[in-house]
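A.B. asks: Residue numbers (full-length UniProt numbering): 1 to 443.
C-beta atoms are modelled at their ideal positions from N, C-alpha and C, and glycine is treated no differently.
Provided herewith is a single structure, encoded as structure tokens, for subsequent inquiry.
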Amino acid sequence: MDSSESDYSWPFTTANIIDYEVLCLQTVYSKAPSIKKTLSSLEAFTKECKLIADRNGVEYYTYSQLHFLKEMVLTIPFDTAFLDFLVNINYSLCKPKFFDNFKNVLMNEYIHHMEKYLSTSLKASVELDGGILLTSQVETIVKKFLRVFHILKLDPELTSENLVQYEFLAELLKVCHSVNVQDSQLVVSLLKLTIDRYVSENCGVMFVRQPHYPHEFFEYILKHVTRVKFDLLQYYSNHSRTLWDCARNFSVICAASFGKVDQVLCLLQHGFDIFPDYEARHSGHGYPHIKEIMSPTNRMVLQIMSRMRLVNCFTSDSDQPPENGYYMTTPKQEECFRLIWRALPEPYVTHSQLALDISTEYFYLALHAIFRPFRHNKNLKLAAMYETCFEDMAVGPHEPRSLKHLCRCTIRKRLHQTRSLPNGVFHLGLPKSLEKYLNLEYD
Numbered sequence: 001m002d003s004s005e006s007d008y009s010w011p012f013t014t015a016n017i018i019d020y021e022v023l024c025l026q027t028v029y030s031k032a033p034s035i036k037k038t039l040s041s042l043e044a045f046t047k048e049c050k051l052i053a054d055r056n057g058v059e060y061y062t063y064s065q066l067h068f069l070k071e072m073v074l075t076i077p078f079d080t081a082f083l084d085f086l087v088n089i090n091y092s093l094c095k096p097k098f099f100d101n102f103k104n105v106l107m108n109e110y111i112h113h114m115e116k117y118l119s120t121s122l123k124a125s126v127e128l129d130g131g132i133l134l135t136s137q138v139e140t141i142v143k144k145f146l147r148v149f150h151i152l153k154l155d156p157e158l159t160s161e162n163l164v165q166y167e168f169l170a171e172l173l174k175v176c177h178s179v180n181v182q183d184s185q186l187v188v189s190l191l192k193l194t195i196d197r198y199v200s201e202n203c204g205v206m207f208v209r210q211p212h213y214p215h216e217f218f219e220y221i222l223k224h225v226t227r228v229k230f231d232l233l234q235y236y237s238n239h240s241r242t243l244w245d246c247a248r249n250f251s252v253i254c255a256a257s258f259g260k261v262d263q264v265l266c267l268l269q270h271g272f273d274i275f276p277d278y279e280a281r282h283s284g285h286g287y288p289h290i291k292e293i294m295s296p297t298n299r300m301v302l303q304i305m306s307r308m309r310l311v312n313c314f315t316s317d318s319d320q321p322p323e324n325g326y327y328m329t330t331p332k333q334e335e336c337f338r339l340i341w342r343a344l345p346e347p348y349v350t351h352s353q354l355a356l357d358i359s360t361e362y363f364y365l366a367l368h369a370i371f372r373p374f375r376h377n378k379n380l381k382l383a384a385m386y387e388t389c390f391e392d393m394a395v396g397p398h399e400p401r402s403l404k405h406l407c408r409c410t411i412r413k414r415l416h417q418t419r420s421l422p423n424g425v426f427h428l429g430l431p432k433s434l435e436k437y438l439n440l441e442y443d
């Protein structure tokens, strides 16, 4: 080889070695720790060959070995036979994990790129073109992003290294609202992906960055899930480990416990279930093979009282011990509770009926050798709280609701079955006063 050619070749070989040592080897070890020993042996063998060749004055190029090591990250997911033969590991067991890691690395890099692009586009579009072009740009970004998710088929269970995927999804929903994206299918698809994400139980994540959504975001999501007839509450109940904590804002009981009157009314108008299955299970005695004795309506009342008291324990300035006090409701909580009964056809629950159900459950469980005195005493205190705060309901006679109210509930039930709430109320050709009554705007 000519000396001039040899001099020019050294910088490239040196660059390859540096690139391999600094970038490639660390990446391979982090993605495939189980083959670290094998790769170290291969590297030692390569160095030994080079050393012997130098001692004997023989030209020996290690490019092929270095090239293999640098390409290992790409080889792991795809070239099964070659990897099995060369590094002698049980690749069939490691392949899924390697492939998932590789896909997550690609997605995280793609998200990093999209964040920069989205930030630049938002600034430029606002300054130059206004909101119309901005909306179309965001729709295009979301469509591309959803397409990448569909192709990669990422695992919804996230580790601490991949939390950026959830954080970007949640932030992208906020961006869709800010630019007023009107493609409901697009918004709901993004919403599903966001709710799907949950964190591994053993990854040790203590904090997840959550976006701060404005008040209007709540109605924006409701509009789109109603338009495509998507059962958000049922989907959320099937993903109880979701990272998207905003999902609980779509629970009637949760909103009522915080005294969010407008939110409760909006949820009821859209036909959201007041006491869904997961709330019913949570309020029961906890033994799935033993029949629930207490009626669902009575359990709903106790559950709402319990949630309201729990919120007041953390928000009240009283010095009273939590175990003895806070058995009162705020005016807004009271208004929310009364709103709930606008959407229910059942008669008001009386205190005597509630106390009888509580005692019956206690003795029924005792017949099965299960003694729950703490639950019994707690429920009695919650029943007393209900009687104190809603005396007109709890002490009055147990009688059917008015015929007018029952008709409202029947019509709304039919509209809910056809997923026509709340817009279907205004397509019935009724007088305005009746439309407002059907829309739960007054008693």
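When you compare only the Cα positions, how much space is there between Val87 and Phe99?
C.D. replies: Here the question's residue 87 lines up with position 87 in the sequence shown. Here the question's residue 99 lines up with position 99 in the sequence shown. For Val87, the predicted model reports a pLDDT of 49, less than 50, meaning its position is unreliable; a value from the coordinates is still stated below. So the two alpha carbons sit approximately 17 Å from each other.
A.B. asks: Let me make sure I understand the geometry here. Which of Arg197, Val148, Thr360 has the alpha-carbon closest to that of Asn238?
C.D. replies: Numbered from 1 along the sequence shown, position 238 holds the residue referred to as residue 238. Taking only the C-alpha atoms, the option nearest Asn238 is Arg197.
A.B. asks: Among residues of its own chain, excluding the 5 on either side of Leu302, which ones have a beta-carbon nearer than 6 Å to its beta-carbon?
C.D. replies: Here residue 302 corresponds to residue number 302 of the sequence shown, with the count starting at 1. Cβ neighbours of Leu302 beyond the five flanking positions: Asn379, Leu382.
A.B. asks: Would you mind stating whether Ile141 and Met114 have Cβ atoms separated by less than 8 Å?
C.D. replies: Sequence index remark: in the sequence shown, residue 141 carries index 141 (1-based). Sequence index remark: in the sequence shown, residue 114 carries index 114 (1-based). Yes; because the gap between Cβ atoms is below 8 Å, this pair is in contact.
A.B. asks: CB-CB under 7 Å to Phe230, same chain, minus the five flanking residues each way: which ones, in chain order?
C.D. replies: Against the sequence shown, residue 230 aligns to sequence position 230. For Phe230, where only same-chain residues beyond five positions count, the Cβ hits under 7 Å are Val188.
A.B. asks: To which residues does DSSP link Leu158 through a beta bridge?
C.D. replies: Here residue 158 refers to the residue found at position 158 when the sequence shown is read from its first residue. Looking at the DSSP assignment, Leu158 forms a beta bridge with Val199.
A.B. asks: Alpha carbon to alpha carbon, how far is Leu193 from Leu186?
C.D. replies: The sequence position of residue 193 within the sequence shown is 193, counting from 1. The sequence position of residue 186 within the sequence shown is 186, counting from 1. Straight-line Cα distance between these residues: approximately 11 Å.
A.B. asks: Among the residues of its own chain, which have a CB less than 8 Å from the CB of Ser433, if the five just before and after it don't count?
C.D. replies: In the sequence shown, the residue the question calls residue 433 occupies position 433. Closer than 8 Å at the Cβ level, and outside the excluded window around Ser433, lies no residue.
A.B. asks: Please list the segments of the beta strand (DSSP E) lying wholly inside the UniProt domain "SOCS box" (399 to 438), counting only runs of 3 or more residues, in order along the chain.
C.D. replies: You should have found no qualifying run.
A.B. asks: What distance in whole Å lies between the Cβ atoms of Tyr213 and residue 462, which are believed to be in contact at a cut-off of 8 Å?
C.D. replies: This structure cannot settle anything about residue 462, because the visible part of the chain is limited to 1 through 443.
A.B. asks: Run the CB neighbour count on Ser359, radius 10 Å, all protein chains shown included, and call it buried at 16 or more, exposed below.
C.D. replies: Sequence index remark: in the sequence shown, residue 359 carries index 359 (1-based). Ser359 should be labelled exposed.
A.B. asks: From Asn180 to Thr135, what distance separates their C-alpha atoms?
C.D. replies: Taking the sequence shown and counting its residues from 1, the one referred to as residue 180 is at position 180. Taking the sequence shown and counting its residues from 1, the one referred to as residue 135 is at position 135. Rounded to whole angstroms, Asn180 to Thr135 spans 7 Å at the Cα level.
A.B. asks: Here's a check: name, in chain order, each residue in its chain whose Cβ is nearer than 7 Å to the Cβ of His398, leaving out the five neighbours to either side.
C.D. replies: In the sequence shown, the residue the question calls residue 398 occupies position 398. Taken in chain order, the residues that qualify are Pro347, Thr350, Gln353.
A.B. asks: Only counting the same chain, and skipping five residues up and downstream in sequence, which positions put a Cβ closer than 7 Å to that of Glu157?
C.D. replies: Position 157 of the sequence shown holds residue 157. Excluding residues within five positions, the ones whose Cβ falls inside 7 Å are Tyr198, Ser200.
A.B. asks: Would His270 and Pro422 be called neighbours here (beta carbons separated by less than 8 Å)?
C.D. replies: In the sequence shown, residue 270 corresponds to position 270, counting from 1. In the sequence shown, residue 422 corresponds to position 422, counting from 1. A contact, by the Cβ cut-off of 8 Å.
A.B. asks: Can you tell me where the alpha helix (DSSP H) with Arg372 in it begins and where it stops?
C.D. replies: Residue mapping note: residue 372 aligns to position 372 of the sequence shown, counting from 1. Unbroken run through Arg372: none, as it is neither H nor E.
A.B. asks: Helix, strand or coil for Thr350, going by three-state DSSP, please let me know.
C.D. replies: The residue given as residue 350 occupies position 350 in the sequence shown. Looking at Thr350 - three-state DSSP - the assignment turns out to be coil, as it is neither helix nor strand.
A.B. asks: Is the beta carbon of Ile111 closer than 8 Å to that of Gln165?
C.D. replies: Within the sequence shown, numbered from 1, the residue matching residue 165 stands at position 165. Within the sequence shown, numbered from 1, the residue matching residue 111 stands at position 111. The answer is yes: Cβ separation under 8 Å.
A.B. asks: Can you have a look at Ser240 and say buried or exposed, based on whether 16 or more other CB atoms are within 10 angstroms of its CB?
C.D. replies: Position 240 of the sequence shown, counted from the start, is the residue given in the question as residue 240. When all chains shown are included, Ser240 counts as exposed.
A.B. asks: Report all residues from its chain with a CB closer than 8 Å to the CB of Val228; omit the five preceding and five following residues, and keep chain order.
C.D. replies: To locate residue 228, count along the sequence shown from 1; it is residue 228. If we look at Val228 and ignore the five residues flanking it on each side, its Cβ neighbours are Ser184, Gln185, Val188.
A.B. asks: Which residues mark the beginning and the end of the alpha helix (DSSP H) in which Pro345 is found?
C.D. replies: The residue labelled residue 345 in the question sits at position 345 within the sequence shown. From DSSP, Pro345 is part of no alpha helix (DSSP H); its letter is neither H nor E.
A.B. asks: Buried or exposed, going by whether 16 or more other CB atoms sit within 10 Å of the CB of Val252?
C.D. replies: For this step, residue 252 is matched to residue 252 along the sequence shown. Classification for Val252: buried.
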